[in-house]
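Heads up: the sequence shown begins at 487 in the working numbering, then just goes up one per residue. Think of the CB as a built atom: it goes at the ideal place given N, C-alpha and C, for glycine as much as any other residue. Structure record follows, encoded as structure tokens.
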Amino acid sequence: MPRRTQTVQEEERQASRRDQNEEASDLSKRLLDRWLCVKDTCINHKAFCFVDYGAKHFSMDTTIRETWAKAISRGQATIERPPESLYNFWHQRGTVDKVSKAPLAKASREAREQAKEARMERLLEMQERAQEAAFEQEIQSQISALSVPIGNSQPAPASTPAIYPPYPSWIQAPQSF
Ligand SMILES: [Zn+2]
Numbered sequence: 487m488p489r490r491t492q493t494v495q496e497e498e499r500q501a502s503r504r505d506q507n508e509e510a511s512d513l514s515k516r517l518l519d520r521w522l523c524v525k526d527t528c529i530n531h532k533a534f535c536f537v538d539y540g541a542k543h544f545s546m547d548t549t550i551r552e553t554w555a556k557a558i559s560r561g562q563a564t565i566e567r568p569p570e571s572l573y574n575f576w577h578q579r580g581t582v583d584k585v586s587k588a589p590l591a592k593a594s595r596e597a598r599e600q601a602k603e604a605r606m607e608r609l610l611e612m613q614e615r616a617q618e619a620a621f622e623q624e625i626q627s628q629i630s631a632l633s634v635p636i637g638n639s640q641p642a643p644a645s646t647p648a649i650y651p652p653y654p655s656w657i658q659a660p661q662s663f
């Protein structure tokens with residue numbers, strides 16, 4: 487292939503890329519103009535939201551805008567209507583306020599969990615201590631029950647009958663007479 491043709495082709499490619507880029511950045515600008523969030527109660531107010539038919543706001547970051555712009559240049563979307571894929575993405579992720587509140591909700595949920603765990607631990611600890619105390623008391627009372635007869639009372643009186651010594655051998659038993 488002659489060098490000149492190559493150069494021309496390369497120039498054409500570059501030109502077409504430039505056109506595409508220009509088109510994309512133009513589309514991006516038009517998207518920004520169209521979807522500036524003007525709802526002052528929206529978290530994204532003065533930033534950019536796609537607002538659907540249900541008046542729900544979905545955040546538009548640079549990546550989303552570029553995706554949308556590309557879809558427009560492919561004829562799969564318009565400035566008014568995002569491509570199907572973005573629409574699905576937004577509905578999966580949730581509205582703008584849902585997304586930005588999610589981390590807070592998560593944090594407070596975690597804090598609650600931690601507090602609950604701490605309470606639970608204290609409770610268990612108290613229970614353990616109570617159990618230990620009860621156990622100790624039981625042992626103590628068993629010990630004192632055992633030691634009462636030994637320590638506190640006199641030795642039991644001998645209940646066995648007295649054993650009389652046998653007659654001395656020089657005393658003859660009466661029967662022997
Ligand atoms: Zn908004």
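Pairwise C-alpha distance: residue j and residue i
i    : j    : result
K602 : L610 : 12 angstroms
D526 : H543 : 12 angstroms
M546 : S502 : 27 angstroms
I550 : L572 : 7 angstroms
Q628 : A619 : 14 angstroms
E622 : S630 : 12 angstroms
S511 : F575 : 22 angstroms
R504 : E497 : 10 angstroms
R567 : Q495 : 35 angstroms
T548 : C528 : 19 angstroms
A541 : R489 : 57 angstroms
Q613 : E607 : 10 angstroms
A604 : E596 : 12 angstroms
Local conformation of residue i per DSSP, three classes
i    : result
V537 : strand
H577 : helix
A604 : helix
R567 : coil
Closest residue to residue i among the options (Cα-Cα distance)
i    : options                   : result
K515 : E599, A597 and W554       : W554
V582 : C523, E509, E566 and E508 : C523
Q506 : D538, E624, T491 and E552 : E552
Below-8 angstroms beta-carbon distance, residue i vs any chain B residue
i    : result
C535 : Looking at the structure shown, chain B is missing, and only one protein chain is on hand.
In the stretch 517-561, which residue ranges form an unbroken beta strand (DSSP E) of at least 3 residues, counting only runs that do not cross its ends? List check, beta strand (DSSP E) in window: 535-537 and 543-545.
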